[in-house]
Structures are given as structure tokens and as C-alpha cells.
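Everything on this sheet refers to the single structure shown next.
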Amino acid sequence: MKFIIQHINFLYRTIALVLFCLFMASCTEQYAFQTNTFESIPVVQAILTNELKKQEIKITRSYRLEENGPAPEKGAIVYVTDSDNNSYEFEFEEFSGLYVSNSPFQAIPGKSYQLNITTKDGKSYSSEAETLTPVTEVQVEPKIETIDGQKGVQIVVTSYDPSSKSQFYRFEYDETYKIVSPDWKPNKLILDPSNPGPDFTYLTVPRDNGESRVCFTTKKSDDLMLISNVGLSEDRINLPIRFIDIKSPILYERYSIIVREYVQNLASYTYYKTLKNLSTSASLLSQVQPGFNYGNLKSNDNSDEKIIGYFEVSSVSSKRIFFNFRDIFKDDPYPPFIADCSQTLSLANCFTDKFCRGPQIYSIVTGAGREYVFFAALNNNTTYVFTPAPCGDCTKISSNIKPLFWID
877 MKFIIQHINF LYRTIALVLF CLFMASCTEQ YAFQTNTFES IPVVQAILTN
927 ELKKQEIKIT RSYRLEENGP APEKGAIVYV TDSDNNSYEF EFEEFSGLYV
977 SNSPFQAIPG KSYQLNITTK DGKSYSSEAE TLTPVTEVQV EPKIETIDGQ
1027 KGVQIVVTSY DPSSKSQFYR FEYDETYKIV SPDWKPNKLI LDPSNPGPDF
1077 TYLTVPRDNG ESRVCFTTKK SDDLMLISNV GLSEDRINLP IRFIDIKSPI
1127 LYERYSIIVR EYVQNLASYT YYKTLKNLST SASLLSQVQP GFNYGNLKSN
1177 DNSDEKIIGY FEVSSVSSKR IFFNFRDIFK DDPYPPFIAD CSQTLSLANC
1227 FTDKFCRGPQ IYSIVTGAGR EYVFFAALNN NTTYVFTPAP CGDCTKISSN
1277 IKPLFWID
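Encoded structure:
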């Protein structure tokens, strides 16, 4: 599913760059962009790996510029066959919008695999037969580096294939960081329902389950990171994949990253390389425009019919690491919290300050117990201080659901 998101992101980026160029060419008058000509083309993103799991395939349709985005192609018959005449059926999953295999399976060395699709309108498509690429183990290590005068931590990926049979690689990563709200308290204030006003009073109550001190944020890489070792003396990878500034708030508590290395064949590498080139402004502005980016999928009914996408059979190796700020930086000052918790406001200023106008923007805390509440109301008997809501409840900016893989 990870590569599916990357693929979609690149298609979005290409469309956005086209719109930007059109806008810059004529910026004196607003224009509602519309598609003049349109082909409804199936778009397939599929990868079969050597991981024993329920494999996933995404099928959508090309969409017009004025539309919000692609919709899943429902009602298709999807299955993968192998060279031993085994068949693996996929069913559409409403929750994810993906076709998911009915049972877990994995690509096996020495076998070939073919993707077969019949859409709800009866059109049939299939891929070329693909075999599993060699397996190469990946390692991940954080290192202190200074780039352009700025100190930080560089996440470095290494791998080595002594047989030099791998050669083509694609990388992706997910990073997750822990957020701990520094001004969190176990209780909050609510309006006393027995006193509707005008002189409001408050009750101290425990926080709801939805309000939390500890949260976790996960972000995915949004770039196609491709490497070819063809022509080099060694099939070795030493890739700086992610640099994090020492002042970045994501290092405030605990940080984790998982890197996946996909070994590709020449055809799949070329397809993704072309896709990457198509997503750059230089390609869009070139006088020599590229043609249709054909993958390894074709129509079984009409050789002239177009289909977008690639069925990739790839070995994958992954590595996850965890570290705290002090694991890397022994003496440096901690980075700031993700929100500026020093920007507190007194009650007197709050009702004239523009930052207090919006709902659920600031928390109210008592001067003595500092219990939090997420609305503003005047109470002449208590002194209140306002603080940015994330400083007291991290669910305002993140999720309090702890990932299954997380290790403290």
C-alpha cells in the first residue's frame, strides 16, 4: 500500500505543475480549468512481494482536472496466477478502497506471476509474467551531520549484494514521532450545568478519553527514491535518505523510522524513473514532450486500448530504528515543542485578542490548579490563563492511538 500512495502523489504533483504553468502564463484573469478531451483509462498500482501477507492492488480510473480525485474501480474480477497454475483471488475492500487477496501468500523465487483484471464493464487486462528479484538486506543508522551550516541527524541506508544481481532499487520510509503535551493536567474545567449564568461557575472533572497527553504522528515519504548501480564496481548502497534539523520539533521526544528497500528489475526501474521525470517541472516545460508511459499491463481485447500502471514482483527488505534526542545529541539543547507554549494570555486580554476568538483554539487553565478547559467564558471569581490547545491536549494536532510497533 505504501508504494500506491507514492504513485498517486506523483500523479497529483504532475497535474499541479501543469496548472501552475498555465496560471503563470496568464495571471491577469481568473479561469476555471476544465478538461476539453478525456479518456477514461484504468489506473493500476500493484506490487507482489516476498512478504507472507495479504497482498494489495489498487485500481482506479483517470479523472478530469475539475474532479476532486480518482474513485476506486469497484466490481472488478482480480486474480494473480503463477507458473505452477496456482490462482490467488482478490476481493474489493470498502474500508481501504483496495483489492486484497483472500488469503496471505508471497512471491517465491523461481516462479513467475501474472496479474489478471476484468472490469465491471467486461474489459479484460493482464500483465506480463514477472519473477521475484534477488533479496538484499537493508540496514539503517542515524548519524550526526551538518548540512549547509545546520546540525542535525542524517538517516543513512546501507546494503550490499556481493553477487551484483540486484542493481536497481527503490526506497520509501514511514517516520513516527512521539508528542507529549508539556502543560497537560489530569483534570479540566467545564461549565456548571446547574448555573446557566450570567455569573458562570465551573466544575473540575477528569479528562475525557479523547483528550490526551501522549500522541503519535506518522508521516510517509512522498518522493520516488531510485538508485541504479549498473556500471559500478560494487553493488553497494550508501544512501542518506532523511535529514532532520536538530531544531525540528519531531525530535522533541522519541523518533522512529522504518525504511523499505525494494529490489527492482530493469523494466520496473525504468517505469518508475520515467514517472519521476514526468513529475518534474523541467519535463513539463520541455519542448520535447514524452509520450504515454506504458507499463507491463495490456488489454486482452484491443491492443490500442490504454491502461496505466505496473505490476511489480519485488523482494523487499525493511529495517526500523528508534532513538531519543539524547541518544544522538548528548549536550545540545532540546528542540522546541511542536507548538509555542509560551504564548499565554490573561483573561483580561483574551476577550480583546484576535487569537481568542476562534473555538477550540486555546485552553483555559486556572491559576492555582492549572486544570484545562476548551472554551472561553468569563468568571469574576477565578483568574484564568490561556495557553495554545496542543500544549495541554496533543489530540488537537495528532492521534493518541499508540502504534502496535511502538517501543518506549
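Numbering (my numbering), first residue to last: 877 to 1284.
Positions of the beta carbon are idealized from the N, C-alpha and C atoms, including for glycine.
Being a predicted model, the structure only gives us computed values, none of them experimental.
I'd like to know whether the C-beta atoms of residue i and residue j end up nearer to each other than 8 Å.
i, j, result
"glutamate 1137", "threonine 1012", "yes"
"threonine 1271", "serine 1000", "no"
"threonine 925", "serine 1194", "no"
"tyrosine 1049", "arginine 1118", "yes"
"proline 1125", "proline 1212", "yes"
"glutamate 1181", "isoleucine 923", "no"
"aspartate 1037", "tyrosine 989", "no"
"phenylalanine 1047", "serine 1274", "no"
"valine 1139", "proline 1010", "yes"
Could you tell me the distance, in whole angstroms, from the CA atom of residue i to the CA atom of residue j?
i, j, result
"leucine 1173", "glutamine 1043", "24 Å"
"glutamate 1129", "aspartate 1098", "24 Å"
"aspartate 1203", "isoleucine 935", "43 Å"
"tryptophan 1282", "glutamate 1021", "26 Å"
"valine 1016", "serine 1132", "11 Å"
"tyrosine 1053", "threonine 1094", "7 Å"
"isoleucine 1184", "lysine 1027", "43 Å"
"lysine 1123", "isoleucine 1031", "16 Å"
"lysine 1096", "isoleucine 1134", "10 Å"
"valine 1192", "threonine 1080", "53 Å"
"proline 1116", "valine 1033", "6 Å"
"glutamate 1051", "lysine 1278", "14 Å"
"leucine 1102", "tyrosine 1145", "8 Å"
"threonine 1007", "isoleucine 1023", "41 Å"
"alanine 1005", "tyrosine 1186", "12 Å"
"asparagine 1176", "tyrosine 1170", "15 Å"
"leucine 1100", "glycine 1086", "36 Å"
"leucine 1142", "serine 1104", "9 Å"
"asparagine 1114", "glycine 998", "47 Å"
"proline 1062", "aspartate 1068", "19 Å"
"leucine 1108", "serine 1039", "13 Å"
"glutamate 967", "arginine 1083", "42 Å"
"asparagine 962", "glutamine 921", "22 Å"
"leucine 1280", "valine 1106", "39 Å"
"aspartate 1284", "glycine 1025", "32 Å"
"phenylalanine 1205", "aspartate 1269", "27 Å"
"glutamate 1110", "arginine 1196", "25 Å"
Only counting the same chain, and skipping five residues up and downstream in sequence, which positions put a Cβ closer than 7 Å to that of residue i?
i, result
"glycine 1217", "Per the sequence shown, residue 1217 should be read as cysteine rather than glycine. Taken in chain order, the residues that qualify are Pro1058, Asp1059, Thr1263, Pro1264, Cys1267."
"threonine 995", "Pro918, Glu949, Ala952"
"tyrosine 964", "Tyr955, Val956, Ser977, Phe981"
"glutamate 927", "Gln982, Val1192"
"aspartate 1208", "Ile1122"
"aspartate 960", "Lys987"
"tyrosine 939", "Gly945, Pro946"
"tyrosine 1210", "Tyr1128, Phe1201"
Could you check if residue i belongs to the surroundings of the ligand MG, using beta carbon to heavy atom distance under 7 Å?
i, result
"isoleucine 1031", "By its list of ligands, the structure shown contains no ligand whatsoever, and the ligand MG lies outside what it can speak to."
Tell me which residues share the same chain as residue i and place their Cβ nearer than 6 Å to its Cβ, disregarding the 5 neighbours each side in the sequence.
i, result
"leucine 1254", "In this predicted model, leucine 1254 has a pLDDT of only 40, less than 50, meaning its place in the structure is not dependable enough to derive any value."
"alanine 1215", "Pro1264, Pro1266, Cys1267"
"cysteine 903", "Here cysteine 903 scores only 45 on pLDDT, less than 50, and its place in the model should not be relied on; the value that follows carries that caveat. Same-chain partners within the cutoff: there are none."
"lysine 930", "Val976, Ser977, Pro980"
"arginine 1112", "Tyr1036"
"lysine 1041", "Pro1010"
Report the CB separation of residue i from residue j in whole angstroms; it is logged as a contact under 8 Å.
i, j, result
"valine 1090", "asparagine 1276", "7 Å"
"serine 979", "asparagine 992", "Wrong, their Cβ atoms sit about 17 Å apart, outside the cutoff."
"isoleucine 1120", "valine 1056", "Contact flag wrong, Cβ pair sits at about 18 Å."
"leucine 1127", "phenylalanine 1198", "Wrong, their Cβ atoms sit about 12 Å apart, outside the cutoff."
Suppose the cutoff is 8 Å on Cβ atoms and the five residues either side in sequence are ignored; what does the same chain contact list for residue i look like?
i, result
"arginine 937", "Ser916, Ile917, Pro918, Val919, Pro946, Ala947, Glu949"
"serine 1162", "In this prediction, serine 1162 has a pLDDT of 47, which is less than 50 and means its spatial position is unreliable; nothing more can be read from the coordinates."
"asparagine 1178", "none"
Under 8 Å, with one C-beta from each stretch per pair, do the stretch 1142–1154 and the stretch 966–980 reach the 3-pair mark? Three or more beta-carbon pairs separated by less than 8 Å are not found between the stretch 1142–1154 and the stretch 966–980, which leaves the two stretches without contact.
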